[in-house]
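Visitor:
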Amino acid sequence: MTKPPVTSDPKTAGTPSRRERVREATLGEIKGIARRHLVEHGVAGVSLRAVAREIGMTAPGLYRYVSGIDALLVAITADMFDELAEAVASADASAPPQDTELRLHRALRALRAWAIAHPAEFSVMFGPRSRLDPDADITPALEAGSRFGSTFFALFERLLQEKDIPFPAEEEIDPDLRVELNSFADTVGLAVHDVPVGAALVLTTCWVRVYGVVCMEVFQHLDFVMRDMEPLFESELQNMMTGLGVRYRPVEEGEGTSTRTAG
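Numbering (this note's numbering), first residue to last: 1 to 263.
1) Quick check: what's the CA-CA separation for G68 versus A136?
2) For the alpha helix (DSSP H) holding M147, just list the boundary residues, first then last.
3) How is V195 classed by DSSP in three states: helix, strand or coil?
4) Buried or exposed, going by whether 16 or more other CB atoms sit within 10 Å of the CB of V22?
5) Express the C-alpha separation of P196 and V124 in angstroms, rounding to a whole number.
6) Does DSSP classify E253 as helix, strand or coil?
7) State the Cα-Cα distance for the pair D223 and M229, rounded to the nearest angstrom.
8) Use the C-beta contact count for V179: other C-beta atoms within 10 angstroms, 16 or more gives buried, fewer gives exposed.
9) Relative to the C-alpha of L108, which candidate in T242, P119, A89 has its C-alpha closest?
10) Take F152 as the anchor and find which of I165, V188, E170, P168 has the nearest alpha-carbon.
11) Measure the Cβ-Cβ separation of I30 and Y65 and say whether it is below 8 Å.
12) Within the continuous alpha helix (DSSP H) that includes F219, where are the two ends?
13) When you compare only the Cα positions, how much space is there between E157 and R49?
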């Protein structure tokens, strides 16, 4: 007698099994411990042996979840980029959809707020990859970084559509720089939308300005002369927005971005 075919229950289709849920929970615990060790001791303080000891398993047992220390560091870096991306996207979504200017202001302030609240994580995400093996697969972190940048790229594209943003013609840009800018556009997906190379230069320059100020605050490069970096950040933000032909929006009441208290 032929047995009837086994059909899956549509209510449970796609639902992780108990074993998969346990595995995912354990991996999350491993990454959480590794991230805490990173914050407390730096990248050099993260080791499989220390993580295994705290979670209550042997170091070889961790290899059922991660292929090695490089894979673990890449995994938590990807998680941190996703966390930052969520903070930026949430700030963007808090403004009216049609108000691109306000959305951009809030997204950039969210970047700064998250960075100064998570200096150890920020240094790993945006600093040199000296700890990793040169042949390590960093694809998960790169993909998460792209998700973080997508909010800003989308807002910039909206500005290009809504504003007459001044940018240099292609022939005015040094040929070597054009090569690099085209590579940048290809990497982040701007080329797909036929964004002019001059616009890519403007976007890159704006990022350098914002990122530079945030880095100086996170790494306390100006602490010997400034007790509060927020006015400098806002000044750079205003100058940048004005250069784009965008109306600067001062910080709204209750929107304070500073998370560090001057000592």
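Just so you know, even glycine gets a beta-carbon here, dropped at the ideal spot from N, CA and C.
Guide: Result, derived from the coordinates:
1) Near 10 Å, if we compare the C-alpha coordinates of A136 and G68.
2) Checking the sequence, you will find Arg at residue 147 rather than Met. In this chain, the alpha helix (DSSP H) harbouring R147 covers 139-162.
3) DSSP places V195 in coil when its eight states are reduced to three.
4) With fewer than 16 Cβ atoms within 10 Å of its Cβ, V22 is classed as exposed.
5) Going by the C-alpha atoms only, they are around 32 Å apart.
6) Coil, per DSSP.
7) Using only the alpha carbons, I get a separation of about 9 Å.
8) With fewer than 16 Cβ atoms within 10 Å of its Cβ, V179 is classed as exposed.
9) Answer by Cα proximity: A89.
10) Comparing Cα positions, the closest option is V188.
11) The criterion of a C-beta distance shorter than 8 Å is satisfied by I30 and Y65.
12) Premise fails: F219 is in no alpha helix (DSSP H) and is neither H nor E.
13) Computed Cα separation, rounded: 46 Å.
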